[in-house]
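Chemist:
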Amino acid sequence: MQGLHTCLFCADNDIIFIAMGGKRYRIIYEDDWLIIVDKPSGMLVIPTPKKETSTLTDLLNQDLDARGIEANAHPCHRLDRETSGLIIYAKGKNSQRLMMEEFKKKSVKKTYIAFAHGRVKKNFDIINKAIYNRNRNRHEPAATKYKVLERRKDFTILEVEPVTGRTNQIRIHLKDIGHPLVGESVYAFRKDFELRFKRAALHAKEIEFIHPITKEKLKFSSRLPGDMEEFITI
309 MQGLHTCLFC ADNDIIFIAM GGKRYRIIYE DDWLIIVDKP SGMLVIPTPK KETSTLTDLL
369 NQDLDARGIE ANAHPCHRLD RETSGLIIYA KGKNSQRLMM EEFKKKSVKK TYIAFAHGRV
429 KKNFDIINKA IYNRNRNRHE PAATKYKVLE RRKDFTILEV EPVTGRTNQI RIHLKDIGHP
489 LVGESVYAFR KDFELRFKRA ALHAKEIEFI HPITKEKLKF SSRLPGDMEE FITI
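What follows is the structure, encoded as structure tokens:
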């Protein structure tokens with residue numbers, strides 16, 4: 309295994325594309341098998357039943373085609389529409405399968421920055437609470453680690469690491485402990501809180517994993533997006 313390779317967010321090294329509707333996304337790493345994308349908030353990864361055609365996956369595939377790359381981009385995990393930050397794509401189904409095996413082996417570490425309503429009391433904790441899966445009609449085990457980075461008057465800045473990978477796990481678990489995300493509108497009522505934010509304040513800031521082909525240890529980071537940065541500087 310080779311040494312740790314770290315790629316920090318750096319505008320000078322980013323490959324920047326302007327996507328449909330003025331949406332901009334950044335490719336911060338690319339090789340023959342994988343692409344790491346810094347996704348903006350407001351962009352879907354894959355279509356919903358409404359069959360949107362301006363998803364990140366569609367736009368990425370259009371770009372690959374324009375560059376003459378004969379491979380389709382396949383997401384190896386998901387970020388919901390509101391969440392910004394890093395997501396892994398594989399070039400081709402075989403690369404996706406190999407990357408998904410790394411997820412199954414739990415060798416992929418994802419770290420998020422979250423703004424949670426209120427002042428979270430514990431400096432760090434693990435939330436262990438099952439989450440209901442509607443498609444399978446059952447509750448499934450779920451665990452989320454968090455660490456307090458800073459307490460403000462009306463909200464807390466958290467570093468969050470999902471141990472399991474349930475849909476909307478972080479959003480649900482923070483709601484379960486009485487500290488929903490600032491801007492949360494699905495698992496909490498915005499009208500119940502004085503703080504206002506246009507989306508759920510969640511950013512996938514870091515991802516670390518073993519490359520499924522080269523076996524190199526990779527680590528990538530992304531800065532807070534402008535809207536979240538502005539929120540904490542007001």
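First residue of the sequence shown? That's 309 in this note's numbering, and the numbers climb one at a time after it.
Every residue gets a Cβ at the ideal spot worked out from N, C-alpha and C, and that includes glycine.
Note that the structure is predicted; figures quoted are calculated from it, not measured.
Which partner residues of residue 454 appear in the DSSP bridge assignment?
Modeler: Here residue 454 refers to the residue found at position 146 of the sequence shown. The partner list for residue 454 (beta bridge, DSSP) reads 433, 468.
Chemist: Distance check for residue 490 and residue 426, CA to CA, integer angstroms please.
Modeler: Taking the first residue of the sequence shown as position 1, residue 426 is located at position 118. Taking the first residue of the sequence shown as position 1, residue 490 is located at position 182. Looking at the two C-alpha atoms, the distance is approximately 9 Å.
Chemist: Would you say residue 439 and residue 480 are within 7 Å of each other, going by their C-beta atoms?
Modeler: Taking the sequence shown and counting its residues from 1, the one referred to as residue 439 is at position 131. Taking the sequence shown and counting its residues from 1, the one referred to as residue 480 is at position 172. The answer is yes: Cβ separation under 7 Å.
Chemist: Please report the Cβ distance between residue 267 and residue 472, rounded to the nearest whole angstrom; I am assuming they are in contact, meaning their Cβ atoms lie under 8 Å.
Modeler: No answer is possible for residue 267: it lies beyond the span of the chain, which begins at 309 and ends at 542.
Chemist: Output the boundary residues of the beta strand (DSSP E) element that contains residue 447.
Modeler: Translated into the one-based positions of the sequence shown, residue 447 becomes position 139. Residues 446 to 448.
Chemist: Any idea what DSSP makes of residue 346, helix, strand or coil?
Modeler: Taking the sequence shown and counting its residues from 1, the one referred to as residue 346 is at position 38. DSSP places residue 346 in strand when its eight states are reduced to three.
Chemist: Quick one: any contact between the stretch 373 to 387 and the stretch 495 to 503, if contact means 3 or more CB pairs under 8 Å?
Modeler: Touching, no, given that fewer than three Cβ pairs across the two stretches are closer than 8 Å.
Chemist: Keeping to the same chain, check which residues put their C-beta closer than 6 Å to that of residue 462; ignore five residues upstream and five downstream.
Modeler: As a working mapping, residue 462 is identified with position 154 in the sequence shown. Within the same chain, residue 462 has close Cβ partners 503.
Chemist: Between 535, 335, 393, 341, which lies nearest to residue 520 when the distance is taken from Cα to Cα?
Modeler: On the sequence shown, residue 520 is found 212 positions in, with the first residue counted as 1. Among 535, 335, 393, 341, the Cα nearest to that of residue 520 belongs to 341.
Chemist: Who are the near neighbours of residue 399 in its chain, counting only those whose CB is closer than 6 Å to its CB and skipping five residues on each side?
Modeler: Sequence index remark: in the sequence shown, residue 399 carries index 91 (1-based). For residue 399, where only same-chain residues beyond five positions count, the Cβ hits under 6 Å are 341, 379.
Chemist: Is the separation between the beta-carbon of residue 434 and that of residue 417 shorter than 7 Å?
Modeler: Residue numbering aside, residue 434 sits at position 126 when the sequence shown is read from its first letter. Residue numbering aside, residue 417 sits at position 109 when the sequence shown is read from its first letter. Not in contact: residue 434 and residue 417 (Cβ atoms no closer than 7 Å).
Chemist: May I ask you to verify whether the stretch 402 to 419 touches the stretch 360 to 372, counting CB pairs closer than 8 Å and requiring at least 3?
Modeler: No: fewer than three Cβ pairs fall under 8 Å.
Chemist: From residue 396 to residue 343, what distance separates their C-alpha atoms?
Modeler: Counting from 1 along the sequence shown, the entry for residue 396 is found at position 88. Counting from 1 along the sequence shown, the entry for residue 343 is found at position 35. Rounded to whole angstroms, residue 396 to residue 343 spans 6 Å at the Cα level.
Chemist: Can you give me the start and stop residues for the alpha helix (DSSP H) that residue 534 sits inside?
Modeler: Locating residue 534 in the sequence shown gives position 226, counting from the first residue. It spans 534 to 541 - the alpha helix (DSSP H) in which residue 534 sits, taken as one unbroken run.
Chemist: Just mark residue 526 as buried or exposed, buried being the case when its beta carbon has 16 or more other beta carbons within 10 Å.
Modeler: Residue 526 sits at position 218 when you count from the first residue of the sequence shown. Residue 526 comes out buried.
Chemist: Measuring CA to CA, which of 420, 370, 372 is closest to residue 514?
Modeler: On the sequence shown, residue 514 is found 206 positions in, with the first residue counted as 1. For the residues 420, 370, 372, the minimum Cα distance to residue 514 belongs to 420.
Chemist: When you compare only the Cα positions, how much space is there between residue 409 and residue 332?
Modeler: Within the sequence shown, residue 409 is the residue found at index 101, counting from 1. Within the sequence shown, residue 332 is the residue found at index 24, counting from 1. The straight-line gap from Cα to Cα measures roughly 30 Å.
Chemist: Distance, Cα to Cα, residue 510 vs residue 349?
Modeler: As a position in the sequence shown, residue 510 is number 202, starting the count at 1. As a position in the sequence shown, residue 349 is number 41, starting the count at 1. Cα-Cα distance, rounded: 9 Å.
Chemist: Are residue 467 and residue 457 touching if we call contact CB-CB under 7 Å?
Modeler: In the sequence shown, counting from the first residue as 1, residue 467 sits at position 159. In the sequence shown, counting from the first residue as 1, residue 457 sits at position 149. The answer is yes: Cβ separation under 7 Å.
Chemist: Check the C-beta distance from residue 464 over to residue 512 and give it rounded, since I have them as a contact under 8 Å.
Modeler: Against the sequence shown, residue 464 aligns to sequence position 156. Against the sequence shown, residue 512 aligns to sequence position 204. Not really, about 18 Å apart at Cβ, beyond 8 Å.
Chemist: Report the residue from 522, 367, 482 whose alpha carbon sits nearest the alpha carbon of residue 432.
Modeler: The residue you call residue 432 lines up with position 124 of the sequence shown. The option with the nearest alpha carbon to residue 432 is 482.
Chemist: Could you say which of 389, 338, 358 lies nearest to residue 372 if we only look at CA atoms?
Modeler: Here residue 372 is taken as the residue at index 64 of the sequence shown, counted from 1. The candidate whose alpha carbon is nearest that of residue 372 is 338.
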